[in-house]
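Asks: After the structure tokens below, expect a handful of questions from me.
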Amino acid sequence: MTVASSTFPQPVTRIAAGTPEFKRITRAMIFGGFSTFSLLYSIQPLLPLLALQFQLTPAQSSWALSISTLSLAVSLLISSAISERIGRKPMMVAALALAAVATGLCALTEDFAQLLVLRALLGFALGGMPAVAVAYMGEELEASSMGLAVGLYIAGSAFGGMLGRLQSALLSEYFHWRTAMVAMGLAGIYAAWEFWRSLPAERHFKPAAQVGESLRKGVRLHLADSGLRMLFCLGFILTGCFVSMYNYMGYRLQAAPFGFSQSTAGTIALMYVLGMGSSVWVGRLVDRIGRRGVLWIVLLVMMAGLLLSLSNSLFIMIPGLALYTFGFFAAHSVASSWVARRAQGYKAVASALYLCFYYIGSSLVGSYTGVIWASHGWAGVVMLLGGILGVGLMITLRLRTLLPVVAA
Numbered sequence: 567m568t569v570a571s572s573t574f575p576q577p578v579t580r581i582a583a584g585t586p587e588f589k590r591i592t593r594a595m596i597f598g599g600f601s602t603f604s605l606l607y608s609i610q611p612l613l614p615l616l617a618l619q620f621q622l623t624p625a626q627s628s629w630a631l632s633i634s635t636l637s638l639a640v641s642l643l644i645s646s647a648i649s650e651r652i653g654r655k656p657m658m659v660a661a662l663a664l665a666a667v668a669t670g671l672c673a674l675t676e677d678f679a680q681l682l683v684l685r686a687l688l689g690f691a692l693g694g695m696p697a698v699a700v701a702y703m704g705e706e707l708e709a710s711s712m713g714l715a716v717g718l719y720i721a722g723s724a725f726g727g728m729l730g731r732l733q734s735a736l737l738s739e740y741f742h743w744r745t746a747m748v749a750m751g752l753a754g755i756y757a758a759w760e761f762w763r764s765l766p767a768e769r770h771f772k773p774a775a776q777v778g779e780s781l782r783k784g785v786r787l788h789l790a791d792s793g794l795r796m797l798f799c800l801g802f803i804l805t806g807c808f809v810s811m812y813n814y815m816g817y818r819l820q821a822a823p824f825g826f827s828q829s830t831a832g833t834i835a836l837m838y839v840l841g842m843g844s845s846v847w848v849g850r851l852v853d854r855i856g857r858r859g860v861l862w863i864v865l866l867v868m869m870a871g872l873l874l875s876l877s878n879s880l881f882i883m884i885p886g887l888a889l890y891t892f893g894f895f896a897a898h899s900v901a902s903s904w905v906a907r908r909a910q911g912y913k914a915v916a917s918a919l920y921l922c923f924y925y926i927g928s929s930l931v932g933s934y935t936g937v938i939w940a941s942h943g944w945a946g947v948v949m950l951l952g953g954i955l956g957v958g959l960m961i962t963l964r965l966r967t968l969l970p971v972v973a974a
């Protein structure tokens with residue numbers, strides 16, 4: 567007597583590229599990445615305007631962004647631990663919705679201190695999206711599809727960063743920066759709805775019995791891995807250098823010899839189109855030849871772009887900024903997907919640790935670069951960032967010889 571195969575539980579296969587489920591996941595992640603970066607970085611082109619309105623130095627005004635990235639870094643580990651209990655999708659939906667509301671409320675602030683409080687709350691809310699997103703993809707997708715999926719997610723992030731900066735720069739010049747905050751908040755609410763309706767529910771997620779215990783074990787496990795420690799440090803370096811470039815390039819373009827307007831200087835965010843392309847391109851390349859042979863090359867591209875930014879000729883400086891942006895998004899795509907693949911369990915905690923270092927770098931390096939800009943000008947900025955990127959290059963060369971824990 568034979569028993570129908572349907573009486574046995576069927577294994578749940580992981581999702582491969584090209585399937586309808588994969589398309590739903592990438593659609594949701596594009597919206598999620600878009601909203602995260604647009605809400606977080608829409609304040610960046612407004613830094614010179616805020617400095618003028620509230621009588622702040624460039625380093626002081628940079629805290630409108632740095633406080634968000636710092637609170638986000640703190641939130642990441644907490645949010646990832648909670649997601650180990652309640653699930654990935656509920657955590658991400660709540661993060662996007664709450665951050666959108668906090669952005670809209672920024673329009674009601676009466677002074678810079680109130681703005682900083684809301685920006686800190688925004689960053690803390692957003693912590694539930696970035697780390698959990700990569701963990702979700704690491705659990706649900708086939709390994710061979712991971713590079714492309716993360717690349718598309720980061721492409722959505724790049725598009726959000728670009729559009730958020732452009733929209734806030736234009737609206738602040740022709741209307742008011744408060745109008746820009748309202749518009750960004752409404753866009754964030756729509757993105758949260760699209761994310762919720764597109765993302766499939768988890769199929770491989772297993773809730774942890776104790777949130778605090780899973781966080782403690784995950785942190786101890788991942789910090790014991792020298793490869794992950796190097797990737798965490800690389801995240802600190804990458805975002806610290808990238809945010810510093812865009813924090814103070816606006817000041818440079820509005821000063822002599824350029825004298826650009828607020829909205830014209832804000833158009834440098836169009837460079838994020840290159841970031842969108844580079845993250846998808848490098849994701850496909852990694853799926854073919856591996857991360858080890860790619861990461862150090864895109865760091866060199868980033869360094870070349872930094873050197874070209876020294877020129878006072880727009881015909882040299884703008885291509886340099888393009889190379890810098892291309893290299894950053896490519897490097898971040900490779901490093902973040904490598905963390906998700908290398909982590910042995912507690913993947914959300916691993917991604918959270920990477921992004922914790924990533925956003926701490928944004929806060930600390932991004933603010934300190936303002937001091938260097940005020941005292942030594944753009945040449946000092948390039949020297950500082952060049953030295954930091956040099957450390958990053960040494961890390962990538964060391965990663966080439968790293969013994970794999972899993973297929974990397």
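Plus 566 on top of the position in the sequence shown (first one is 1) and you've got this note's numbering.
Even for Gly, the Cβ is constructed at its ideal location relative to N, Cα and C.
Please identify the residue among 641, 635, 772 whose C-alpha is closest to the C-alpha of residue 652.
Replies: In the sequence shown, counting from the first residue as 1, residue 652 sits at position 86. Residue 772 is the option with its Cα nearest to residue 652.
Asks: In three-state terms, what does DSSP make of residue 567?
Replies: Numbered from 1 along the sequence shown, position 1 holds the residue referred to as residue 567. Only weak support exists for where residue 567 lies, its pLDDT of 41 falling under 50; the value from the coordinates is given anyway. Reduced to three states, the DSSP call for residue 567 is coil.
Asks: Quick one: residues in its chain with C-beta nearer than 6 Å to the C-beta of residue 755, no 5 flanking neighbours on either side, listed in chain order?
Replies: Translated into the one-based positions of the sequence shown, residue 755 becomes position 189. Excluding residues within five positions, the ones whose Cβ falls inside 6 Å are 666.
Asks: By the DSSP assignment, the alpha helix (DSSP H) with residue 911 in it spans what residues?
Replies: Here residue 911 refers to the residue found at position 345 when the sequence shown is read from its first residue. Note, residue 911: premise wrong, no alpha helix (DSSP H); not H, not E.
Asks: What are the partner residues of residue 581, as DSSP defines its beta bridges?
Replies: Taking the first residue of the sequence shown as 1, we reach residue 581 at position 15. Paired residues: 707.
Asks: What are the start and end residues of each continuous alpha helix (DSSP H) run of 4 or more residues lying completely inside the segment 803 to 854, in chain order?
Replies: With a minimum length of 4 residues, the continuous alpha helix (DSSP H) runs that stay inside the segment 803 to 854 are 828 to 832.
Asks: Just reading off the alpha helix (DSSP H) that residue 748 is part of, what are its end residues?
Replies: Here residue 748 refers to the residue found at position 182 of the sequence shown. First-last of the alpha helix (DSSP H) with residue 748: 743 to 764.
Asks: I need the straight-line Cα distance from residue 677 to residue 620, nearest angstrom please.
Replies: Within the sequence shown, residue 677 is the residue found at index 111, counting from 1. Within the sequence shown, residue 620 is the residue found at index 54, counting from 1. Rounded to whole angstroms, residue 677 to residue 620 spans 8 Å at the Cα level.
Asks: Using 8 Å for Cβ pairs, my map puts residue 706 next to residue 580. What's the rounded Cβ distance?
Replies: As a position in the sequence shown, residue 706 is number 140, starting the count at 1. As a position in the sequence shown, residue 580 is number 14, starting the count at 1. About 6 Å separates the two Cβ atoms, so the contact holds.
Asks: Buried or exposed, going by whether 16 or more other CB atoms sit within 10 Å of the CB of residue 824?
Replies: For the purposes of this step, residue 824 is taken as residue 258 along the sequence shown, with counting starting at 1. Counting Cβ neighbours within 10 Å, residue 824 comes out exposed, since fewer than 16 surround it.
Asks: Identify, in the order they occur along the chain, each residue of the same chain with its Cβ nearer than 6 Å to the Cβ of residue 923, setting aside the five sequence neighbours on each side.
Replies: As a position in the sequence shown, residue 923 is number 357, starting the count at 1. Result list for residue 923: 798, 801, 802, in chain order.
Asks: With distance defined between alpha-carbon atoms, name the residue in 848, 654, 609, 618 nearest to residue 748.
Replies: Start at 1 with the first residue of the sequence shown, and residue 748 comes out as number 182. Out of 848, 654, 609, 618, 609 has the C-alpha closest to the C-alpha of residue 748.
Asks: Can you tell me where the alpha helix (DSSP H) holding residue 589 begins and where it ends?
Replies: Indexing the sequence shown from 1 puts residue 589 at position 23. Segment 586 to 607, the alpha helix (DSSP H) holding residue 589.
Asks: May I have the straight-line CA-CA distance separating residue 783 from residue 701, to the nearest angstrom?
Replies: Indexing the sequence shown from 1 puts residue 783 at position 217. Indexing the sequence shown from 1 puts residue 701 at position 135. So the two alpha carbons sit approximately 16 Å from each other.
Asks: Residue ranges of each alpha helix (DSSP H) run of no fewer than 4 residues wholly in the segment 631 to 676, ordered along the chain?
Replies: Segments of the alpha helix (DSSP H) lying fully in the segment 631 to 676: 654 to 671.
Asks: Counting pairs of beta carbons, one from the segment 716 to 728 and one from the segment 846 to 862, are three or more of them closer than 8 Å?
Replies: Because the criterion of three Cβ pairs below 8 Å is met, the segment 716 to 728 and the segment 846 to 862 touch.
Asks: Using only the alpha-carbon positions, how far apart do residue 925 and residue 806 sit?
Replies: Counting from one through the sequence shown, the residue named residue 925 turns up at place 359. Counting from one through the sequence shown, the residue named residue 806 turns up at place 240. Near 8 Å, if we compare the C-alpha coordinates of residue 806 and residue 925.
Asks: One question on the structure: do residue 761 and residue 598 come within less than 8 Å of each other, judged by their Cβ atoms?
Replies: Locating residue 761 in the sequence shown gives position 195, where the first residue counts as 1. Locating residue 598 in the sequence shown gives position 32, where the first residue counts as 1. Yes.
Asks: Suppose you measure from the CA of residue 950 to the CA of residue 625; what does that come to, to the nearest Å?
Replies: If you number the sequence shown from 1, residue 950 lands on position 384. If you number the sequence shown from 1, residue 625 lands on position 59. Whole-angstrom Cα-Cα distance: 15 Å.
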